[in-house]
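Here is the structure we will look at.
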Amino acid sequence: MSFPWAKEYKPATEFGQWMDEKLPLPRFIYNSLGAGYPAPRNLNYMWNFGSLAGIFLVVQIVTGIILAMHYAANANIAFDSVEHIMRDVNSGWMFRYAHANGASFFFIAIYLHIGRGLYYGSYKAPREMIWLLGVVIYLLAMATAFMGYVLPWGQMSFWGAKVITGLFEAIPLVGKPIQELLLGGFAPDNAALNRFFSLHYLLPFVMAGVIILHIWSLHIPGSNNPTGVDVKGPQDTVPFHPYYTAKDGWTLGLALIFFSIMLFFLPNFLGHAENYIPANPLSTPANIVPEWYFWPWYAILRAFTVDFLFIPAKLLGVLAMFSAILVWFFLPWLDRSPVRSGDYRPRFKKFFWFGLIPCILVLGYCGGAHAEEPFVMMSQIATAYYFAHFLIILPLLSRIEKPEPLPNSITEAVTGKPLEQAS
Amino acid sequence: MATVETADSATLDDEAGGVRRRDFINIAAVSFAGAGAVATVFPLVNQMNPSADVLALASIEVDISAIETGQAIKTSWRKQPIFIRNLTEAEITEANSVSLTELRDPESLADRTTPGKENWLITLGVCTHLGCVPLGAAQGEVKGEYDGYFCPCHGSHYDTAARIRKGPAPTNLEVPEHEFLSDTVVKIG
Numbered sequence: 003m004s005f006p007w008a009k010e011y012k013p014a015t016e017f018g019q020w021m022d023e024k025l026p027l028p029r030f031i032y033n034s035l036g037a038g039y040p041a042p043r044n045l046n047y048m049w050n051f052g053s054l055a056g057i058f059l060v061v062q063i064v065t066g067i068i069l070a071m072h073y074a075a076n077a078n079i080a081f082d083s084v085e086h087i088m089r090d091v092n093s094g095w096m097f098r099y100a101h102a103n104g105a106s107f108f109f110i111a112i113y114l115h116i117g118r119g120l121y122y123g124s125y126k127a128p129r130e131m132i133w134l135l136g137v138v139i140y141l142l143a144m145a146t147a148f149m150g151y152v153l154p155w156g157q158m159s160f161w162g163a164k165v166i167t168g169l170f171e172a173i174p175l176v177g178k179p180i181q182e183l184l185l186g187g188f189a190p191d192n193a194a195l196n197r198f199f200s201l202h203y204l205l206p207f208v209m210a211g212v213i214i215l216h217i218w219s220l221h222i223p224g225s226n227n228p229t230g231v232d233v234k235g236p237q238d239t240v241p242f243h244p245y246y247t248a249k250d251g252w253t254l255g256l257a258l259i260f261f262s263i264m265l266f267f268l269p270n271f272l273g274h275a276e277n278y279i280p281a282n283p284l285s286t287p288a289n290i291v292p293e294w295y296f297w298p299w300y301a302i303l304r305a306f307t308v309d310f311l312f313i314p315a316k317l318l319g320v321l322a323m324f325s326a327i328l329v330w331f332f333l334p335w336l337d338r339s340p341v342r343s344g345d346y347r348p349r350f351k352k353f354f355w356f357g358l359i360p361c362i363l364v365l366g367y368c369g370g371a372h373a374e375e376p377f378v379m380m381s382q383i384a385t386a387y388y389f390a391h392f393l394i395i396l397p398l399l400s401r402i403e404k405p406e407p408l409p410n411s412i413t414e415a416v417t418g419k420p421l422e423q424a425s
Numbered sequence: 010m011a012t013v014e015t016a017d018s019a020t021l022d023d024e025a026g027g028v029r030r031r032d033f034i035n036i037a038a039v040s041f042a043g044a045g046a047v048a049t050v051f052p053l054v055n056q057m058n059p060s061a062d063v064l065a066l067a068s069i070e071v072d073i074s075a076i077e078t079g080q081a082i083k084t085s086w087r088k089q090p091i092f093i094r095n096l097t098e099a100e101i102t103e104a105n106s107v108s109l110t111e112l113r114d115p116e117s118l119a120d121r122t123t124p125g126k127e128n129w130l131i132t133l134g135v136c137t138h139l140g141c142v143p144l145g146a147a148q149g150e151v152k153g154e155y156d157g158y159f160c161p162c163h164g165s166h167y168d169t170a171a172r173i174r175k176g177p178a179p180t181n182l183e184v185p186e187h188e189f190l191s192d193t194v195v196k197i198g
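Chains as they are written, first to last, in this note's numbering: chain A, 3 to 425; chain B, 10 to 198.
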């Protein structure tokens, strides 16, 4: 598909031949995930998390369909139906814990996948569309995860729904009507629970659709690689199958071991005990925090504590939180450096490892902590740095930084021999 | 030609005899993953079986002291109707007078009742044809040509021992597993 030397699909059987003429699905798979997709030969383990995220999306869809067979989306019985799943349904406890922890594993994979893209410049031309679609997938994943967390209708579910829909109330003039529109009421209740369930079931399939577009647009330029240097010839690539299917399979095995440890030994480690108390609209839990994968954004939301000019602090926090992700849509045009890989950008590398990454970790930590000092101050500094990284540091760096010399080819970077002699 | 051809890739190609050293790793890895997949599929399917709360209601106890001779009651067991009939002497005689060879599903009344309690006929109220509820349990309902039950859906006639006598149903009304805990209480299921 992407390179002229890609192996051509040849049906092995007469049925395969018949199928190839009628509906070339096997050819499509062969060219996307099989031997027909030449991938750079030097991909490191950071390139394993895209497929891993995809597999965990499948885990979520399979366990989610099963949970939906036993769950009742009604505010009166939703909580009890979850306990019914835990106690009565055959292996129900396993499916619920797999679904709850599977969300965390999906986000671990997707964050490492995004981090890979940020460091190795995978968002740069010609791969801007892949990046943009990826941001869309991430936004859909956040919406899906949020609505899923509401469904057990415990205390955290209820107050999470109230707080997050409360964000829309910050919009001037139309905020209140929008919040009531989203909830179908004045506070979360049956109407909100039902629509969240409906959308929680729908959005993963929308995600799957956007993922297909994501992979489609990936296969036009082909995968980026740790050097960021374009593929120049057949020596620079290996067929995706068996090389990367085997490599992905190996890390999938490792991921499933960690997943099993969480699922069977620490199933509630990432959850909140508070959510085992049925929703009570008259009492808010003492420390209301979202799931860990939202903590950095939550810290940005809470970092704004005073009104600025005529803008209330509440609106500022909401705007900042949404902007923190929306800025990613502009990233391909904020970072103008023609060098993709951070390995060859000495200053970018320092700002990445000692600036952006600690900044996001601090935000994550503060987002999970109580909204008090010193965490508010830390959130404010980290929020300022976060935006500075994307809006000031990256555009400036691309002007002033002197990149290190790039290898002439992937093959030269790997073998030390020029492309022509390496074969 | 196209890909990375290095010395160690020779192990990937067929060696003499067509056996490759990597075959062992391949087969071992795929078998391991396959065994894991099968182990995972079992709970994926088994979750659709009746859950513990459904199974907990799988047996009921019924007080039959108020059922007069010649009366029948309908009750519900596992979400299905149950007929409990206190047979009259005439009905018992009628049931016993039939030769088993005449029956589509040969069973005597004694086969279908508890020894010493032959007047208590306990059956599912589910026609064995396609699952409708036959008439005949309540007062005034049509009992069919054989004085037992009559299924209005497709015209199956059951006799006083609830055995199929005429119509499309293949077998007698099912007698559920039951046990008399005392003279007035029967446990079904």
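Note that CB positions come from ideal geometry on N, CA and C, so glycine has one too.
As computed with DSSP, A/Ala41 is found in a beta bridge with A/Val240.
Looking only at B/Pro161, B/Ser74, B/Phe159, B/Asp168, the smallest Cα-Cα distance to B/Ser106 is reached by B/Asp168.
The contact set of A/Asp90 on chain B, defined by CB atoms closer than 8 angstroms, consists of Ser60, Ala61, Asp62, Val63 in chain order.
DSSP links A/Val341 through a beta bridge to no other residue. Counting only Cβ-Cβ distances below 7 angstroms, B/Asn55 has contacts in chain A at Asn92, Ser93, in chain order. At a cut-off of 4 residues, the continuous stretches assigned as alpha helix (DSSP H) that sit fully inside the region 25 to 113 of chain B are 30 to 55, 61 to 65, 98 to 105.
Interface flag for A/Met96 against chain B is set, since a Cβ pair is found closer than 8 angstroms. Pairing B/Pro115 with B/Cys160, the inter-Cα distance amounts to about 20 angstroms.
A/Leu333 carries a helical assignment under DSSP once its states are collapsed to helix, strand and coil.
Considering only B/Ala61, B/Leu118, B/Trp86, the residue with the shortest C-alpha distance to B/Lys196 is B/Trp86.
Interface with chain B (8 angstroms Cβ-Cβ cutoff): A/His86 is included.
Taking every protein chain shown into account, the CB of B/Gln148 has fewer than 16 other CB atoms within 10 angstroms, so this residue is exposed. A/Val240 places its beta carbon 8 angstroms or farther from that of A/Pro409.
Distances from the alpha-carbon of A/Lys352 to those of A/Tyr121, A/Lys164, A/Thr15 put A/Tyr121 closest. Listed along chain B is no residue with a C-beta nearer than 8 angstroms to that of A/Ile383; the closest approach is about 46 angstroms.
Take the alpha-carbon of A/Leu25 and the one of A/Ala37: they are about 19 angstroms apart.
Assigned with DSSP and collapsed to three states, A/Gly370 falls in helix. Residues Pro223, Asn226 of the same chain have their beta carbon placed closer than 7 angstroms to that of A/Arg129, with the five preceding and five following residues left out of the count. The beta carbons of B/Ser191 and B/Pro177 sit no closer together than 8 angstroms. Val64, Ile68: these are the residues of the region 53 to 70 of chain A whose beta carbon lies less than 8 angstroms from some beta carbon of chain B, given in chain order. Here the region 323 to 338 of chain A does not lie against the region 102 to 113 of chain A, with fewer than 3 beta-carbon pairs under 8 angstroms apart.
For B/Pro52, the closest Cβ of chain A is nearer than 8 angstroms. Residue state for B/His166 is assigned as strand, using DSSP reduced to three classes. The beta carbons of A/Val233 and A/Ile412 sit closer together than 8 angstroms. Counting along the chain, the unbroken beta strand (DSSP E) around B/Tyr158 starts and ends at 156 to 160.
A/Ser400 is positioned such that its CB atom lies no closer than 8 angstroms to that of A/Ala305. In this structure, A/Tyr388 keeps its C-beta atom at 8 angstroms or more from the C-beta atom of A/Ala288.
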